[in-house]
Amino acid sequence: MSHIDRIFVDTFGYSPEIIAAAPGRVNLIGEHIDYSDGYVLPFAISDRTFAAMSIRPDRLVRIASAQRRNKIVTVNLDDIKPGLKGEWERYALGVIWAMGVKEGLDVMIDGHVPLGAGLSSSAALECSVATALNHLLSLGFDLQTLARLTQKAENDYVGVPCGIMDQSVSLMAQAGFALLLDCRDLTSRNVSFDVASNGLELLIIDTQAHHSLTDGGYARRRQSCDSVVAKLSVRSMRELSLEKLSASKDLLSDVEFIRARHAVTEISRVHSAVEALEAKNFTELGQLLNASHASLRDDYDVSCPELNVAVDASIAAGALGARMVGGGFGGSAIALINASTTVDTIHSVESAFKNAGFKAPRFFTSLPSQGAEIMQRGL
Ligand code: ADP
Ligand code: MG
C-alpha cells in the first residue's frame, strides 16, 4: 500500500477509488510571459503531489491534506462557488467547480513539492485533482482543456491571476524533455534536455523567502502589460519587436516601457534557448539564463535580495548561468552548473546567504520528469 493510499484509509476509513500524481515545475526560461501570449520552456521536476479520491453517495465534498495535518474540511457541493471562504482547500474546490463536478467526493492530498517555493505546488495540487477527477468520472477532457480548467480554478476561484504555464507543464511534460509551450494556443513541442550526459546539473536553490502572489505585485505587472498592449494597439506583447517598442517609447510611461522590454526580450531568449539546447550549446544557454535574470531584476522588478544573492553566488562559483524562476518576490533560483561543482556551489551560496544575514536556503536537483499520471485505479 502506498503512502497516499494509507493516509486516505486512515482519514476516511476505506480505500480510495483512484490515485493520481502531478509534478511541480521549473521554468528553464521564459518568465512572466505566459500571460503575454509568449513562449515558455519549463520542465517537470521529480517532486509530485498525489491526490487520492472516491465518489460519495451524497452531496458532500470532504477534503484533507497531509500537509495540513489530515484535518478534514467538509463542504456541500452546492456551496462550491467563487467567494466561498476557505484556505488551502480552495485550490482543490476550484478544480471541482471549474470541471463542473456533480458528485460528492472524498479527497486526500499528499504534496511533495515544497509549498510557496516558486516550484508550483499549487499547479501540482490542481493538476493531481483534475487528473484524478477526469478519470474517475470519465469526463474525457484533453490535456489542453484540463490546463485551461485548472488555470480557471486558480484565477477565478482562488483569485490568483496566474498564467497557463504551470498547469500545462504539470499535465503535459515528458521525462527527459523540456516543454516548449506556445501560451497563445497551448500547442507544445518536446525539446530534449539532457543535462546529465553532458556532465551538467540543474541546481535548484529555494531561498526560503516565501512570497504571496495575492498581495498585488503580480497583478500590477499584468496590468502594465495590458496597458502597453492597449496603448500600442497590438493583440499581445508577442506582436511587438524591440524596434517597434523603442519607436513607441513616447506613448508609454517609463515603467510600462521597461516592463514591455522584459516581455519582448524574454520571448526572443526562449527561441534562442531552444536553438542552444538543440545544438547542445550549454555555454550559450547559461548566458541566456543570466540575461533573463538581469531582465527580471532590472526591467520587470520581480526579483529580491535573496534571489540576487543566490544567482550572483552561483555564478561566482562557476555556474554556466543562473536566474530566478517562478513569479518572483522570493521562491527559487536555478543554476546550470558542472556536476563536479555541485558541492562548491552549494557552499558558496550558503556562505553568501550567511554573510547577508538571510535564512539558510535549501538545495535540490532534479532531472526533467514525467507529467501528471494515474498511479492506481481501485475496484
Ligand atoms: P507555489 O505554487 O509556488 O508553491 P503558491 O502560493 O502559488 O506557491 O501555492 C501554495 C499554496 O498552495 C499553499 O499556500 C497552499 O494553500 C496550497 N497548497 C499547495 N500544495 C498543498 C498541499 N499539499 N496541501 C495543502 N495545500 C497546498
Ligand atoms: Mg503557485
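One rule links them: number in the working numbering = place in the sequence shown (from 1) + 6.
No residue lacks a Cβ here, since even glycine has one placed at the ideal position from N, Cα and C.
Predicted model only: the values in this text are computed from it and were never measured.
Self-check item: Top-ranked residue by Cα proximity to L186, from K87, E93, R195 and I343
Solution: The shortest Cα separation from L186 among K87, E93, R195 and I343 belongs to R195.
Quiz item: Hey, quick one: how far does the beta strand (DSSP E) through A339 stretch, first residue to last?
Solution: Where A339 is concerned, the enclosing beta strand (DSSP E) starts and stops at S338 to N344.
Quiz item: Rounded to a whole number of angstroms, what is the C-alpha to C-alpha distance between D84 and L90?
Solution: Using only the alpha carbons, I get a separation of about 11 Å.
Exercise. With a threshold of 7 Å, establish whether the CB of S71 neighbours any heavy atom of the ligand ADP.
Key: In this structure, the C-beta of S71 approaches the ligand ADP to less than 7 Å from one of its heavy atoms.
Self-check item: Integer Cβ distance of I170 from L155, believed to fall under 8 Å
Solution: That pair is no contact at about 11 Å.
Quiz item: Closer than 7 Å: is that where the CB of C231 sits relative to any heavy atom of the ligand MG?
Solution: Not so, every heavy atom of the ligand MG lies at least 7 Å from the Cβ.
Quiz item: Comparing the CB of A129 with every heavy atom of the ligand ADP, is any distance shorter than 7 Å?
Solution: True, at least one ligand heavy atom lies under 7 Å from that Cβ.
Quiz item: Given a threshold of 16 other Cβ atoms within 10 Å of its Cβ, counted over all protein chains shown, does R368 qualify as buried or as exposed?
Solution: Under this definition R368 is an exposed residue.
Quiz item: Hey, would you say the C-beta of S375 is under 7 Å away from at least one heavy atom of the ligand MG?
Solution: Answer for S375: no, Cβ out of range of the ligand MG.
Exercise. Please say whether Y163 and G333 have beta carbons closer to each other than 8 Å?
Key: No; because the gap between Cβ atoms is not below 8 Å, this pair is not in contact.
Quiz item: Relative to the alpha-carbon of S346, which residue among A50, E23 and L209 has its alpha-carbon at the smallest distance?
Solution: Among A50, E23 and L209, the Cα nearest to that of S346 belongs to L209.
Exercise. Note down the Cα distance separating M178 from D11, rounded to an integer number of angstroms.
Key: Using only the alpha carbons, I get a separation of about 24 Å.
Quiz item: Expressed to the nearest angstrom, what Euclidean distance is found between the alpha-carbon atoms of N204 and A378?
Solution: Rounded to whole angstroms, N204 and A378 show a C-alpha spacing of 27 Å.
Quiz item: Taking the alpha-carbon positions, what's the P22 to S242 distance?
Solution: Distance between the alpha carbons of P22 and S242: 44 Å.
Quiz item: Over what stretch of residues does the beta strand (DSSP E) that includes D40 continue unbroken?
Solution: Looking at the DSSP string, D40 is not in any beta strand (DSSP E), and its letter there is neither H nor E.
Quiz item: Mind checking whether the beta-carbon of T55 lies closer than 7 Å to any heavy atom of the ligand ADP?
Solution: Yes, the Cβ of T55 comes within 7 Å of a heavy atom of the ligand ADP.
Exercise. Consult DSSP for V81 and reduce its assignment to one of helix, strand or coil.
Key: Correct three-state label for V81: strand.
Exercise. Check each candidate in L238, G44 and Y97 and name the one with the smallest Cα separation from D6.
Key: What the structure shows of the chain is the stretch from 7 to 385, and residue 6 is not part of that stretch, so it cannot be assessed.
Quiz item: Quick one: what does DSSP say L139 is sitting in, helix, strand or coil?
Solution: Three-state DSSP puts L139 in a helix.
Quiz item: Does the Cβ of S126 lie closer than 7 Å to at least one heavy atom of the ligand MG?
Solution: Checking the 7 Å criterion, the Cβ of S126 is within range of a heavy atom belonging to the ligand MG.
Practice problem: Return the Cβ separation of A341 and A325 in integer angstroms, given the expectation that the two are a contact with Cβ distance under 8 Å. | Solution: So it is a contact: roughly 4 Å between Cβ atoms.
Quiz item: Can the beta-carbon of N82 be found closer than 8 Å to that of V331?
Solution: No, these two residues do not count as a Cβ contact at 8 Å.
Quiz prompt | Whole-Å CB distance - V270 paired with L246, under 8 Å assumed | solution = Between V270 and L246, the beta carbon gap of about 5 Å places them in contact (Cβ cut-off 8 Å).
Quiz item: Using DSSP with H/G/I as helix, E/B as strand and the rest coil, what is M171?
Solution: DSSP places M171 in helix when its eight states are reduced to three.
Quiz prompt | Rounded distance between the beta-carbons of E160 and S128, thought under 8 Å | solution = S128 to E160, Cβ: 6 Å. Contact.
Exercise. Report yes if the C-beta of D212 is less than 7 Å from at least one heavy atom of the ligand MG; otherwise report no.
Key: Exclusion of D212 from the 7 Å shell around the ligand MG follows from its C-beta lying no nearer than that to any non-hydrogen atom of the ligand.
Quiz item: In chain order, what residues of the same chain lie with their CB nearer than 6 Å to the CB of L152, ignoring the 5 residues before and after it?
Solution: Hits under 6 Å: A136 and L177.
Exercise. Would you mind working out which of R275, N287, G222 and S254 sits nearest S198, comparing C-alpha positions?
Key: Out of R275, N287, G222 and S254, N287 has the C-alpha closest to the C-alpha of S198.
Quiz item: Using a Cβ-Cβ cut-off of 8 Å (strictly less than) and excluding sequence neighbours within five positions of S320, which residues of its own chain qualify?
Solution: Taken in chain order, the residues that qualify are L209, I211, A328, A339, A341, I343, T351, S354 and V355.
Self-check item: Coarse secondary structure for V166, derived from DSSP in three states
Solution: Looking at V166 - three-state DSSP - the assignment turns out to be coil, as it is neither helix nor strand.
Quiz item: How about R244 and R190: do their beta carbons lie closer than 8 Å?
Solution: For R244 and R190, yes; Cβs fall inside 8 Å.
Quiz item: Taking C-beta to C-beta, are A50 and Q376 nearer than 8 Å?
Solution: In contact: A50 and Q376 (Cβ atoms closer than 8 Å).
Practice problem: Report the partner residues of I210 according to the DSSP bridge assignment. | Solution: I340 and F370, per the DSSP bridge assignment.
Exercise. Within its chain, find whatever has a CB closer than 7 Å to the CB of R74; leave out the 5 residues flanking it on each side and keep chain order.
Key: Here the set comprises W94.
Exercise. Can you tell me the Cβ-Cβ gap for S230 and E262, rounded? I've got them flagged as a contact below 8 Å.
Key: The pair is a contact, with the Cβ atoms about 5 Å apart (cut-off 8 Å).
Practice problem: Could you pull out every residue in the same chain whose Cβ sits closer than 7 Å to the Cβ of L131, ignoring the five residues on either side in sequence? | Solution: Once the five neighbours on either side are set aside, the close Cβ partners of L131 are T55, Y97, A98, I115 and G117.
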